[in-house]
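> Residue numbers (full-length UniProt numbering): 1 to 714.
Before I ask anything, here is the structure I am working with.
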C-alpha cells in the first residue's frame, strides 16, 4: 500500500512524476476536470449570489469513485494539477470531493516536470489558493451568464446551434471590422523612383528619390514622374553626406504562450490548437531512451522570467559552444507585460543539454520542429546583442534628393542561432552598401520608376489575431486557441490561405450582438473585466460583487433584446447543381470544415457532398483531372477525381508543365518547382510565375515598371 496519493490531470504526467517520487507515492490521473458546471443546464443561482451548481461530469463517476477509494487508504493526499487558475480550480473541487481538510497543505505546484523541480515542490505543499479559485469561478460564471442567456436568443432569432461567447464575440468583431476596413479601402496611386548607381569602384547600389530642394515629395501620377525624369536628364549624381551609426539589437525574450503561438504560426505554419497540443506533449514528458522526460516548462504563461539555475546552464552552454564573445557580462532580464503572473516562468527547455540534435530521434517531426523553436529562442535570449552599422547616404542630382540606406553586421551575437520571424507588414528593408565618401561623384546606370497603389491593412492570420488579442488585453494565454477554434467551428469565420474571412452568418450574429450588447463586444470593456479577474486572484476584490455589477446592466440589455431583436432569415446561396435524390437545387452551407453542398430539403432529404475544386492538371496515374481536397483538420491536399479506383495523392500543388527529364507530374513545393517522382527528383529553375488574379475593389495590387536607360553621367 502506498503512503501518499498524488492526483494530476493526465496519465502521461502521472507516469513522468511517478518515477521521480518512488514507491511510497501512488500517482493517478483525474483526466482533467472531474467536477464542473453541467452543459445541459444554466446552473447559476442568480438570486443566491450567483452560486454555481456543480456536478460530477458525465462519464467521470468511476474516475471519482476510484480517487475516493485511493484517498481513504492514503496517509496524505497531494493535488498537483497545472500551475494556473484552472489547475487551482481542479484542486479545489478535488479537495472537497476527497474530503481533504481546508487547513491541510495539499496543493503542490511546479513549473517544470523534472526530478529536481518535482521533489522540491513536494517539500513545501501549500493550501489551495481560494483567491485563484474565485477568479476562475468568476470567469466561468461570467461566461455562463453571457453564453447561456444570449445563445438561446440567437437560436430563436437567427439559427439553431449558434453561440455568443463573451470573449469569442470580441474576436469576431475584430475580424469583421478588419474586413469592413478592407472593403471600404480606396487605393491611391503613387510612384517611386529608384536610381541604379555605382561608385568609383564600380560597386552597384540603389538610391530612392525622396524630394526636391530638401522638401519631401512622393509623385502621385505618371505625369509627375515624367516631369521628374525630364528634370533629371543629364544631371550628375553626387554624394552629399554619409552618416554611420553603430546599433545594438537585443535578442527577443524567451517565449510566452502568446509569442510561441505567433512564432509557430509564422515559422512553422502551425495553428494555435496544434501548437498547444504539441507543447503539452513536450511539457508532460516524452521517452528519451529508457527515461520519460518533461522537455519544456509550463506552457500557459504570460511571464518572461527565467530561473537563475536555467540561466547558469544556458551561459555554460553558450561559452562552450560559441565562445566568450557571445556571452553577455550579466544574464539578460526581460520585462513582462503588465499583469503577468510572475510566479510563472517563460517557456523554456527544462535542460539545455537536451539539444534538438541530441534528442531528435526520440521526437516526431512536428514535436522536434516546435521543440527546436523553443530551445533556440531560449538559448538565443541569453546571448550577447548583435552589433551592426547603419548607413544613410544622401545623394544630390541638382535640386533632386535621393537616399540610400543600408546596414552591415559587425558582430552577429544571438543572430548566430536565432532571428525572430515577422508578419508581412513588419518586413524590414535595407542591405549592404559599398564604401561611399562625401563629395564622391557616382555613375547613373538606370532610373526605375514604379507605379504603386496604397494597400489596405492585411486580413488577420492566426499569429496577427493572437498578437492583437494580447495587445488589447482580451482573453488570457490559455484561451486563444479555444477562441479561434470556436469561431471556425460555429461557422462565423473561415480560414483560407492562412488568413480569416468572416462568413455571412458571422456578420449577422455580430450585427445582432452589437445592436443590443455593445458593452460585451467592446474590447476595452473586456480588457477591464480581465483586470478585475486578476485583482480577484490577488484577494483584493470580491468575485460576487464583480458579477453583480456586471449583471445589473446585462439583465437590462437582455430584456430589451428579448423584446426587440428582429428575426433574421439567412437564405442559403443556391448552386447550379441538382440533388440526385430529390431534384431540389443544392445550396451552399457552412460546416466546421468549411463550405459544402447540401439539399435544402433537410431533414426529409439528407443528401450532402463536399465542394470539389477541379484542377486543369491530369492525374499522372490514370489521366483523370486532379482535384483539391481537405482533410478533417482542414489541411489541403490534391488527389485523383477517380478515387477510390485511383488513389494518387500529393500534399504539393500540381502544375501543368511536365518534368522535362522524365515527363512526370511537376509540383510546387513551397517556392521550389520540382518533379513529383521521388526517383527522378528533378529540381527545375525556380517557381513558375504567379497568375494575376482580379481582386475585390481596393484589394488588387497593380504594379507597372518602366526603365529609363542612361549613359554614364559626370
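In this text, a Cβ means the ideal position worked out from N, Cα and C, and glycines have one as well.
All of these numbers come straight from a predicted model, not from anything done at the bench.
Tell whether a beta-carbon distance below 8 Å holds between residue 368 and residue 268.
no
> Please classify residue 219: is it buried, with 16 or more other beta-carbons within 10 angstroms of its beta-carbon, or exposed?
So residue 219 ends up on the buried side.
> Identify the residues that DSSP records as bridge partners of residue 715: which are they?
An answer regarding residue 715 cannot be provided, because it is not within the stretch 1 to 714 covered by the chain.
> Given that a residue counts as buried once 16 or more other Cβ atoms are within 10 Å of its Cβ, and exposed if not, what is residue 26?
By the 10 Å Cβ count, residue 26 comes out buried.
> Near residue 403, what residues of its chain come up, given a Cβ to Cβ distance below 8 Å and the 5 sequence neighbours on each side ignored?
207, 208, 210, 392, 393, 394 and 395
> Taking residue 53 as the reference, which of 62, 61 and 43 has the closest Cα?
43
> What first and last residue would you give for the beta strand (DSSP E) that runs through residue 576?
574–578
> What does the Cβ neighbour count give for residue 399, buried or exposed, with the cut at 16 atoms within 10 Å?
exposed
> Inspect the beta-carbon positions of residue 113 and residue 289 and report whether they are closer than 8 Å.
no
> Going by C-alpha distance, which of 518, 541 and 387 is nearest residue 554?
518
> Three-state secondary structure (DSSP) at residue 480?
helix
> Could you spell out the range, first to last residue, of the beta strand (DSSP E) harbouring residue 196?
Per DSSP, residue 196 belongs to the beta strand (DSSP E) from 189–198.
> Under the three-state reduction of DSSP, which class applies to residue 347: helix, strand or coil?
Residue state for residue 347 is assigned as strand, using DSSP reduced to three classes.
> Can you give me the start and stop residues for the alpha helix (DSSP H) that residue 91 sits inside?
85–97
> Specify whether the region 156–164 and the region 507–523 touch according to this definition: at least 3 beta carbon pairs, one from each stretch, less than 8 Å apart.
yes
> Going straight from the alpha carbon of residue 12 to that of residue 453, what length do you get?
The alpha-carbon atoms of residue 12 and residue 453 are separated by roughly 54 Å.
> For the region 438–446 against the region 139–148, are there 3 or more C-beta pairs whose distance is under 8 Å?
no
> Where do the N-terminal and C-terminal ends of the beta strand (DSSP E) with residue 406 fall, by residue?
According to the DSSP assignment, residue 406 belongs to the beta strand (DSSP E) that extends over 400–411.
> Just how far apart, CA to CA, sit residue 292 and residue 418?
28 Å
> Taking the straight line between their C-alpha atoms, what separation do you get for residue 570 and residue 39?
28 Å
> With a 10 Å radius around its C-beta and 16 neighbouring C-beta atoms as the bar for buried, classify residue 310 as buried or exposed.
Buried: at least 16 other Cβ atoms inside 10 Å.
> Would residue 8 be called buried (16 or more neighbouring beta carbons within 10 Å of its own) or exposed?
buried
> Use the C-beta contact count for residue 258: other C-beta atoms within 10 angstroms, 16 or more gives buried, fewer gives exposed.
buried
> Quick check: what's the CA-CA separation for residue 333 versus residue 305?
8 Å
> Please report the straight-line C-alpha distance between residue 217 and residue 237, rounded to a whole angstrom.
Between residue 217 and residue 237, the C-alpha separation is close to 18 Å.
> Look at the alpha carbon of residue 428 and the alpha carbon of residue 638, and state the distance between them as a whole number of angstroms.
Caution is warranted here: a pLDDT of 45 is assigned to residue 428, below 50, making its placement in the model unreliable, and the coordinate value is therefore given only provisionally. Their Cα atoms are separated by approximately 35 Å.
> Report all residues from its chain with a CB closer than 8 Å to the CB of residue 717; omit the five preceding and five following residues, and keep chain order.
Nothing can be reported for residue 717: it is not among the residues displayed for the chain, which extend from 1 to 714.
> Residue 542: buried (16+ other C-beta within 10 angstroms of its C-beta) or exposed?
exposed
> Apart from the five residues just before and just after residue 121, which ones in its own chain have a Cβ nearer than 8 Å to its Cβ?
Counting only Cβ-Cβ distances below 8 Å, and skipping sequence neighbours, we find 80, 108, 109 and 110.
> Who are the near neighbours of residue 615 in its chain, counting only those whose CB is closer than 8 Å to its CB and skipping five residues on each side?
625, 626, 627, 628, 638 and 654
> If I measure Cβ to Cβ from residue 193 and keep anything under 6 Å in the same chain, skipping five residues before and after, which residues do I get?
209 and 449
> Please check the pair residue 355 and residue 375, which I expect to be a contact at CB under 8 Å, by giving their CB distance rounded to whole angstroms.
Taking a contact as a CB-CB distance under 8 Å, the pair residue 355 and residue 375 counts as one, their CB atoms being some 7 Å apart.
> From residue 623 to residue 641, what does the alpha carbon distance come to, in whole angstroms?
Taking the straight line joining both Cα atoms gives about 10 Å.
> Count the other CB atoms, across all protein chains shown, that sit within 10 Å of the CB of residue 651; report buried if there are 16 or more and exposed otherwise.
Flag for residue 651 reads exposed.
> What separation, rounded to the nearest whole angstrom, lies between the Cα atoms of residue 526 and residue 547?
13 Å
> Assuming residue 597 and residue 577 form a contact by the criterion Cβ under 8 Å, report the distance between their Cβ atoms to the nearest whole angstrom.
7 Å
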